[in-house]
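Report on the structure given below.
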Amino acid sequence: RKRGGWGSQYYTVLKGQLEQQRVFYESQLEEIRREYDVISDPKRRYAQELISALKQEKNQIEQRCLTLRRKLKKAVEDIAFLKHMNDSLAGDKEPMRRQIMEAKRQRTETRDMLMKCLPPLEAKLAMLFTQLEAGEAQSVQGSVANDDRNSSLEDDTKPPAK
């Protein structure tokens, strides 16, 4: 029994010492954690701020990249359109050149015909004006004679003399 009593006491003493050691080491750990938090808290905040700033910068860069991709796509589409337009214009160049040459030829022919036909027509026109003026002079002389005979009647249908 003595041995059982000693064993029980020994067990109780060991248990008490282990409990004291546990409390001591837990307090030591807690103190170390507090010191670490005091030291690392500004560093942690700085790291978090840095991470936040980097995330914002990443988002801005992604937005710029997206915008630049859109601009690139538009530029590629514009280049394709302009290339197609250039090819089309180059294809139309020769037919247009032929049309221009044909129009120049027709203009030259028309001018030559005009120069050829215009002087005889002008001469004929001058002759007709001369005949017309001579005919009007005769009709004016005839109408003056008629007016003397029919002075009492006025005819509104006669054209006035020039």
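In my numbering, the protein residues as written are 152 to 313. Even for Gly, the Cβ is constructed at its ideal location relative to N, Cα and C. Remember, predicted model here, so these are calculated numbers, not experimental data.
Please state whether DSSP places residue i in a helix, a strand or coil.
i           : result
residue 308 : For residue 308, the predicted model reports a pLDDT of 47, less than 50, meaning its position is unreliable; a value from the coordinates is still stated below. Correct three-state label for residue 308: coil.
residue 303 : Residue placement at residue 303 is flagged as unreliable, the pLDDT there being 46, under the threshold of 50; a coordinate-derived value is accordingly withheld.
residue 283 : helix
Beta-carbon of residue i versus every beta-carbon of chain D: anything under 8 Å?
i           : result
residue 213 : Considering every chain present, this structure includes no chain D. It has just one protein chain.
Which runs of the beta strand (DSSP E) at least 3 residues long sit entirely within the stretch 184 to 257? Give them in chain order. Qualifying beta strand (DSSP E) stretches: none in this window.
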